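In the numbering used here, each residue carries its 1-based index in the sequence shown increased by 89.
I have placed the structure first, in the form of structure tokens, so that the comments after it can refer back to it.
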Amino acid sequence: MNIDSLVLTRSEISEIRDRWKTTEGIRIKRELLDLLRAGSWDWPDLLIDLPKISIPASQPNFLDDLRGLELQGEMLDGVSMSHSDLSYSIFEACSLKKASFQGGRLSWANLRQSQMQHADLLQVAADHAVFDGCNLAGAMMLSGDYRNGSFKKADLRRSIMNGCRLMGADLHGAQWHGAEVFNVDIARPGSEE
Numbered sequence: 090m091n092i093d094s095l096v097l098t099r100s101e102i103s104e105i106r107d108r109w110k111t112t113e114g115i116r117i118k119r120e121l122l123d124l125l126r127a128g129s130w131d132w133p134d135l136l137i138d139l140p141k142i143s144i145p146a147s148q149p150n151f152l153d154d155l156r157g158l159e160l161q162g163e164m165l166d167g168v169s170m171s172h173s174d175l176s177y178s179i180f181e182a183c184s185l186k187k188a189s190f191q192g193g194r195l196s197w198a199n200l201r202q203s204q205m206q207h208a209d210l211l212q213v214a215a216d217h218a219v220f221d222g223c224n225l226a227g228a229m230m231l232s233g234d235y236r237n238g239s240f241k242k243a244d245l246r247r248s249i250m251n252g253c254r255l256m257g258a259d260l261h262g263a264q265w266h267g268a269e270v271f272n273v274d275i276a277r278p279g280s281e282e
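Dropping the structure here:
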């Protein structure tokens, strides 16, 4: 899939985020968080009642549509949001230790200052995502797509990043000691490397 096709306008971003701010959206978000924390696998059933929007999901048959979900400072250690589309979501300063996003989409998401030690980010598409100041120590990031993302001052120590795509990513101040980084593509687009 062409990542440029996932770029939304400001009004489209507002639309996907505003559905979570409606009376029904607030109820669904509250129940979603309760079910996630309880380890329940029934939470995707809640999404049927989420207000409809005009922007179609990129892979509705494969990914649960959580686009635009906004959370700040939430404790979500060990939850599973595997195979979910969390594009344009905000998880700012959340505790997501050992959380699973495996096979999901985090395009244009903001995870700034979150605690994501040992998180499962196996094969995620997280292009343009912001991980600035995140603690990703020991995270499984194998074969992830992080093109044009930002990892400024992120802790990536002991993370497993083999096969990741990091072209155009901002890695200033990131800590890498002990990380596995075999076959990682960090060349800038158009470079000879």
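All C-beta atoms in this analysis are idealised placements derived from N, C-alpha and C, irrespective of residue type, glycine included.
The structure displayed is predicted, hence computed values, not measured ones.
Pairwise C-beta distances place the segment 197-217 in contact with the segment 163-183, as three or more of them are shorter than 8 Å. The segment 220-228 and the segment 202-209 touch, with three or more beta-carbon pairs separated by less than 8 Å.
With contacts defined by Cβ atoms closer than 7 Å, A268 and S248 form a contacting pair. Secondary structure of L136 (DSSP, three-state): helix. As a beta-bridge residue in DSSP terms, D153 pairs with S173. Comparing C-alpha distances from P140 to each of D131, Q148, D154, G128 shows the shortest one belongs to D154. Taking each of G128, L124, Q191, S143 in turn and checking the Cα distance to L135, the smallest one comes out for L124.
Going by DSSP, I105 is part of the alpha helix (DSSP H) stretching over 99-107.
Rounded to whole angstroms, the gap between the alpha carbons of A146 and L231 is 25 Å.
Collapsing the DSSP output to three states places L211 in coil.
Assigned with DSSP and collapsed to three states, L185 falls in coil, not helix or strand. Taking C-beta separations shorter than 6 Å and ignoring five residues to either side along the sequence, the partners of V168 in its chain run L125, A188, following chain order.
Within the same chain, Cβ atoms closer than 6 Å to the Cβ of I275 are found at L255, the five residues on either side in sequence being excluded. Looking at the DSSP output, L160 sits in a beta bridge with F180. Sixteen is the threshold: when 16 or more other Cβ atoms of the shown chains lie within 10 Å of the Cβ of I117, as they do, the residue is buried. Bridge pairing for D166: absent [DSSP]. Counting only the Cα atoms, F271 lies some 42 Å from K110.
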